[in-house]
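So the structure is just underneath, and the comments pick up after that.
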Amino acid sequence: MNMDLLIPIIITLVGASTPILLAALGELVVEKSGVLNLGVEGMMLIGAVVAFAVTFSTGNHWLAIVCAALAAMASSMIFAFLTLTLSASQVATGLALTIFGTGFSALFGQAYTGKPIIIFDSMFPDELENHPTFRVFFDHSPLVYFSLFMVFAVWWFLNKTRSGLILRAVGENDFSAHSIGYSVVKVRYAAVAFGGAMAGIAGSCFPLLLTPQWAEKLTAGRGWIALALVVFAAWKPFRLLAGAYLFGLVMTIELYTKASGSMGLLPSEFWAALPYLATIIVLVLISLRRSGNSAAPACLGKPFMPGQ
Amino acid sequence: MTILTRRTALKLGAAGMMLPLVSSLVNAQEGPLKIGFVNVGPKDDNGWTFGHWVGAQALEEEFGDQIEITFVESVPEGPDCERVLRELAQQGNKIIFATSFGFGDYTIKVAKEFPDVIFEHATGYQRSENVGTYNARFHEGRAVMGTLAGHLSKTNNIGYIGSFPIPEVVMGINAFTLAARKINPEITVNVVWLSSWHDPAKEADAARALIDQGADIIVQHTDGPAALQVAEERGIIGGFGQGADMSAFAPKSHLSAIIDVWAPHYIQVVKDVMAGTWVSDDSWPGIAAGEVVIGPYNEKIPADVVAAAEAVKNGIVDGSINPFTGPIVDNTGTERVPAGEVIDDAGLWAMDWYVEGVKA
Amino acid sequence: MQIRLEKRLEPSKAMLYLTPIGAVLVTAIVGMIVFSLIGYDGIGAVREIFLTPILNPLKWQDLAVKSAPLIIIAVGLSIGYRANVWNIGAEGQYVVGALFGTAVALVTRDMSGPWILPLMIVSGMIGGMLWASVPALLKTRLQVNEILTSLMLTYVAIQILNYVVIGPWKDPMGFGFPQTRMFTDSQLLPRFIPGTTVHWGVPIAAIVALLVWFLMSRSVFGFQIKVVGAAPSAARYGGFSVNKTIWLALLCSGGLAGLAGVLEATGPFGRLIQSFPTNYGFTAIIVAFLGRLHPIGIVFAGLAMAICVVGGEVAQTTIKLPVAAVGIFQAMMLFFLLASDVLVRYRLRVVSRGDVEVAR
Numbered sequence: 308m309n310m311d312l313l314i315p316i317i318i319t320l321v322g323a324s325t326p327i328l329l330a331a332l333g334e335l336v337v338e339k340s341g342v343l344n345l346g347v348e349g350m351m352l353i354g355a356v357v358a359f360a361v362t363f364s365t366g367n368h369w370l371a372i373v374c375a376a377l378a379a380m381a382s383s384m385i386f387a388f389l390t391l392t393l394s395a396s397q398v399a400t401g402l403a404l405t406i407f408g409t410g411f412s413a414l415f416g417q418a419y420t421g422k423p424i425i426i427f428d429s430m431f432p433d434e435l436e437n438h439p440t441f442r443v444f445f446d447h448s449p450l451v452y453f454s455l456f457m458v459f460a461v462w463w464f465l466n467k468t469r470s471g472l473i474l475r476a477v478g479e480n481d482f483s484a485h486s487i488g489y490s491v492v493k494v495r496y497a498a499v500a501f502g503g504a505m506a507g508i509a510g511s512c513f514p515l516l517l518t519p520q521w522a523e524k525l526t527a528g529r530g531w532i533a534l535a536l537v538v539f540a541a542w543k544p545f546r547l548l549a550g551a552y553l554f555g556l557v558m559t560i561e562l563y564t565k566a567s568g569s570m571g572l573l574p575s576e577f578w579a580a581l582p583y584l585a586t587i588i589v590l591v592l593i594s595l596r597r598s599g600n601s602a603a604p605a606c607l608g609k610p611f612m613p614g615q
Numbered sequence: 003m004t005i006l007t008r009r010t011a012l013k014l015g016a017a018g019m020m021l022p023l024v025s026s027l028v029n030a031q032e033g034p035l036k037i038g039f040v041n042v043g044p045k046d047d048n049g050w051t052f053g054h055w056v057g058a059q060a061l062e063e064e065f066g067d068q069i070e071i072t073f074v075e076s077v078p079e080g081p082d083c084e085r086v087l088r089e090l091a092q093q094g095n096k097i098i099f100a101t102s103f104g105f106g107d108y109t110i111k112v113a114k115e116f117p118d119v120i121f122e123h124a125t126g127y128q129r130s131e132n133v134g135t136y137n138a139r140f141h142e143g144r145a146v147m148g149t150l151a152g153h154l155s156k157t158n159n160i161g162y163i164g165s166f167p168i169p170e171v172v173m174g175i176n177a178f179t180l181a182a183r184k185i186n187p188e189i190t191v192n193v194v195w196l197s198s199w200h201d202p203a204k205e206a207d208a209a210r211a212l213i214d215q216g217a218d219i220i221v222q223h224t225d226g227p228a229a230l231q232v233a234e235e236r237g238i239i240g241g242f243g244q245g246a247d248m249s250a251f252a253p254k255s256h257l258s259a260i261i262d263v264w265a266p267h268y269i270q271v272v273k274d275v276m277a278g279t280w281v282s283d284d285s286w287p288g289i290a291a292g293e294v295v296i297g298p299y300n301e302k303i304p305a306d307v308v309a310a311a312e313a314v315k316n317g318i319v320d321g322s323i324n325p326f327t328g329p330i331v332d333n334t335g336t337e338r339v340p341a342g343e344v345i346d347d348a349g350l351w352a353m354d355w356y357v358e359g360v361k362a
Numbered sequence: 016m017q018i019r020l021e022k023r024l025e026p027s028k029a030m031l032y033l034t035p036i037g038a039v040l041v042t043a044i045v046g047m048i049v050f051s052l053i054g055y056d057g058i059g060a061v062r063e064i065f066l067t068p069i070l071n072p073l074k075w076q077d078l079a080v081k082s083a084p085l086i087i088i089a090v091g092l093s094i095g096y097r098a099n100v101w102n103i104g105a106e107g108q109y110v111v112g113a114l115f116g117t118a119v120a121l122v123t124r125d126m127s128g129p130w131i132l133p134l135m136i137v138s139g140m141i142g143g144m145l146w147a148s149v150p151a152l153l154k155t156r157l158q159v160n161e162i163l164t165s166l167m168l169t170y171v172a173i174q175i176l177n178y179v180v181i182g183p184w185k186d187p188m189g190f191g192f193p194q195t196r197m198f199t200d201s202q203l204l205p206r207f208i209p210g211t212t213v214h215w216g217v218p219i220a221a222i223v224a225l226l227v228w229f230l231m232s233r234s235v236f237g238f239q240i241k242v243v244g245a246a247p248s249a250a251r252y253g254g255f256s257v258n259k260t261i262w263l264a265l266l267c268s269g270g271l272a273g274l275a276g277v278l279e280a281t282g283p284f285g286r287l288i289q290s291f292p293t294n295y296g297f298t299a300i301i302v303a304f305l306g307r308l309h310p311i312g313i314v315f316a317g318l319a320m321a322i323c324v325v326g327g328e329v330a331q332t333t334i335k336l337p338v339a340a341v342g343i344f345q346a347m348m349l350f351f352l353l354a355s356d357v358l359v360r361y362r363l364r365v366v367s368r369g370d371v372e373v374a375r
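Protein chains in written order, with my numbering: chain A, 308 to 615; chain B, 3 to 362; chain C, 16 to 375.
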């Protein structure tokens, strides 16, 4: 493999990482508020099929992204109602949401298989987009720049705003937050809605950015990688960005190695398992460094039941 | 016919359920001949299962009210398919087509319980009294595509995307490469294995990786148009439709396609069953029988190249060309087939090596 | 106006039994309306999905076979969940159980004897325990969240499975398909009722449920689990070690998931294939909650889930309902069942705004 390949590899890996990054950013906010939504894969599929359908019908990519976000957000509200209002198990409800998303997208998508759409390509002038070196900055879909902006936005929101502080407080100690007068349930509703919208936009990356078609189970398990990524990044937005590109690099470099006609260094199953192994290792490292604190939001996955 | 419902009872722990025997045969009814299809994917997969769906529709056109078709989609390979096969047999289906390799063990198992139902297993090798197998010589189509690629490639670098190195896929790679190198011995074929039957985003990224490293023609042996769409987007010479005509996805890059046409086989089986002349055997026809059809050629392909491809196609049809005619040297330099000899069917099914020019 | 939840002093017994029935009824009614509105046979769908599997004796064996692994895994998980130990990686432990069992099978393939199958089963359980001991170790030593580690390890286990069936364990006679060789007669789980598909996993599931029921309600172990779950600090005063409970809970759930894996591999599958993981481990989490973490409740929840799956297949073959629609039905039932759970623990009260203000 030679250096000329560096730029194409970067462009491919950024594309491959973007849906994972977007979904993980959403889930990060959800988990920071103390909620674990395992339905990311299902919400992504809903986003993917809606984005395809809207693009196919209107040709408007922006509208497609908005609709994908809204549809996935609507599905996340099922989760929110069950877990936050009715305090059902978050784990079980999240899994049920994935079953729902898989079924819904397959049924809704039946009308759209075997049909092509136009990819949501870079919007810069051709000179920049095709420049041998600078295309590394410009040859990306608007979704890529949106994901980078959202990394910053989420970081700013969580660390620099009052609302972000409240959200973190709700995730770290829901009873204290409740006792000083914040509505734990309302904050968590908002977080889950945001997570749903981001998962929907992440799903829209599949037909709009990666492969302009609709097929059942188009996301092929990326939602679970996004869940791993949140933990891998220790719930920090900028680490999430680095982690997403690292995961993307692992996925991409293997394909490039094989495509160069050389054998992979290790079996491809090893590379597929690596993000999950790395996540476990990161969890261990975090706990070793500050003993007794796993960096996970303290209330993660636990239902909030005042008056108990 | 008698109804063979025997019953046996058992007390099952706390539940205490009654469980009847499986082998109760449903009485043959007057009415249309019921035909079932069990498929591993959805009928809209743009590839394998879609081909069988088209075949099933051809049956309906041919026989009309005489038959009634049930087409079951997305059945996992494993015990779940055993249940679906049994369900279809219990519903009174008299012919059941199991269209994926992984259904084999279970087809044999269920067929034993329903001796009066005829089972046909696609791409399999296990047969019994009421289980036949069928497949199509897709590698003949690969030889035609290889001929096109041999003429058209300018970088002499062809990318090939495969799922798993099973003989069916290996045969295709080898037939393609042999045909391409017959035209242009400089050609090399780089294979990327995905270890997955269905991950369109990964297929697309594999195509990007191949094109970035100089491939100007991409071949895929996975369902769906992901690789073709990347070819179109990047403006390379092109690729081929797999299983179906996919030119709608890539009008400029869709050079041609290998189209699966199961209709001739399905119609023959139904006719044989209706006439009572069906016997279990292995059916493996190719282009000559119309089971493998070469799609329309892209208008950008020069006429002489089309003529060369047609010549290979016609040679295969009249028997003057066998894609696997020696001398064949494998990619380690060992001679596998001496000059003038061909690989027999058993040799094809055992193929686990690659011809010279393949990097896999 | 606003709906408010008021905690009941004691979980309502009536609601415990009424809500599941209510949830299924609501699913049936909503499903009927929704599917009729979008152009499917809504009434037929409800009939085939919910009633046919119960009314047609031919389907009972399928319900038993499909629910057995779900019940075994879910009962194991419920032990942990009672102790607030959240193992959600049962799918991985299930796969590793099958891997360990298959390892024994490959070593003993030239041997025979009645000891082989028990050895496989025991090693399967050990495999599941080993896989669950990683989260246990990390949780007890480093306070690492077991939800996350057990989930991550599931995907590692699936990749190990992929690796062995594509690589070292691939059946040399299997035409390159990603699967191991068939298990021999001494390695296959015998049928519990000859002539049906009901294998020994079914009575084992019933025994496991009864055993755990007894253990949880009558033994110190069960008491310890419940105390640690309900009041960890009280447990410490009472001399119960929280760490020991975490270990016990994870080893029990992992061992049982491993047991389900090896039973499924040696029973319905008969060999290890790439599509072996069919989400039993994840579905069992839902089953555990639907069964309200009670072993007998879980038996019924497992059967309900099996009815949905088997009925879904019936609906596909009889009224040609697409498989995607079946998935939506299942998800709807889960949503309603999870929602109805609240009525067991809480009273719903409609209050006006004024009351809420006063309450604050």
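We treat Cβ as the ideally placed atom computed from N, Cα and C, and that holds for glycine.
Under the Cβ distance rule, C/VAL41 does not count among the residues neighbouring chain A, no pair being separated by less than 7 Å. Contacts between A/PHE513 and chain C, judged by CB atoms closer than 8 Å, are missing: the closest CB pair is about 18 Å apart.
Contacts with chain C (Cβ-Cβ distance below 7 Å) from the segment 559-591 of chain A involve PRO574, GLU576, ALA579, ALA580, TYR583, LEU584, THR586, ILE587, LEU590, VAL591, listed in chain order.
Annotation for C/ALA264: the continuous alpha helix (DSSP H) segment containing it runs 257-279.
In the structure shown, B/SER258 adopts extended strand secondary structure according to DSSP, grouped into three states. Sorting A/THR405, A/SER575, A/ALA533 by C-alpha distance to the C-alpha of A/SER324 places A/ALA533 at the top.
Residue contact check for A/ALA399 against chain B: no CB pair falls below 7 Å. In the structure shown, C/ASP356 falls within a helical segment according to DSSP collapsed to helix, strand and coil. Contact residues of the segment 248-260 of chain B toward chain A are ALA250, PHE251 (C-beta to C-beta distance below 7 Å). In the structure shown, the three-state DSSP call for B/ALA250 is coil. By the rule that beta-carbons nearer than 7 Å mark a contact, C/TYR252 does not touch chain A. For the set B/VAL357, B/ALA362, B/MET353, the Cα lying nearest the Cα of C/MET188 is the one of B/MET353. At the C-beta level, B/ALA209 and B/ALA229 come within 7 Å of one another. Under DSSP, B/GLN222 forms a beta bridge with B/ILE163. With respect to chain C, the C-beta atom of A/LEU393 has a partner C-beta closer than 7 Å. Between C/LEU265 and C/ALA354, the beta carbon gap of about 29 Å keeps them out of contact (Cβ cut-off 8 Å). Cβ proximity to chain A below 8 Å picks out TRP101, ILE103 from the segment 92-107 of chain C.
Near chain B, meaning a CB-to-CB distance below 7 Å, the residues of the segment 43-74 of chain C are PRO72, LEU73. Using beta-carbon distances, A/PRO449 does not count as an interface residue toward chain B, since no partner is under 7 Å. Looking at the DSSP output, B/GLN244 bridges to B/ILE260.
Around the beta carbon of B/THR336, a 10 Å sphere encloses fewer than 16 other beta carbons of the protein chains shown; the residue is thus reported as exposed.
Under the Cβ distance rule, B/LEU212 does not count among the residues neighbouring chain C, no pair being separated by less than 7 Å.
For C/ASP200, the nearest beta carbon of chain B is not closer than 7 Å to its own beta carbon. The CB of B/ALA228 comes closer than 8 Å to the CB of THR518, GLN520 in chain A, given here in chain order.
For C/TYR109, no CB of chain A lies under 7 Å from its own CB, so it is not counted at the interface with that chain.
C/ASN258 does not reach chain A, its nearest Cβ partner there being about 14 Å away, counting only Cβ pairs nearer than 9 Å.
Contact annotation: in the segment 282-299 of chain C, residues whose CB is within less than 9 Å of a CB in chain B are GLY282, PRO283, PHE284, GLY285, ARG286, ILE288, GLN289, SER290, PHE291, THR293. When the beta-carbon positions are compared, C/ALA120 and C/PHE198 come within less than 7 Å of each other. A/MET351 is not a Cβ neighbour of A/ALA500, given a cutoff of 7 Å. The beta carbon of A/LEU556 sits closer than 6 Å to the beta carbons of LEU320 from its chain, once the five residues preceding and following it are set aside; these are given in chain order. For the options C/PHE351, C/VAL357, C/ARG364, C/ILE334, the alpha carbon positioned closest to that of C/ILE64 is the one of C/ILE334.
With 16 or more other Cβ atoms inside 10 Å of its own Cβ, C/MET135 counts as buried. For the segment 405-433 of chain A, the beta-carbon criterion of a distance under 9 Å to any beta-carbon of chain C is satisfied by THR405, ILE406, PHE407, GLY408, THR409, GLY410, PHE411, SER412, ALA413, LEU414, PHE415, GLY416, GLN417.
In the pairwise beta carbon analysis, the segment 477-487 of chain A is classified as not touching the segment 347-367 of chain A: fewer than three pairs are separated by under 8 Å.
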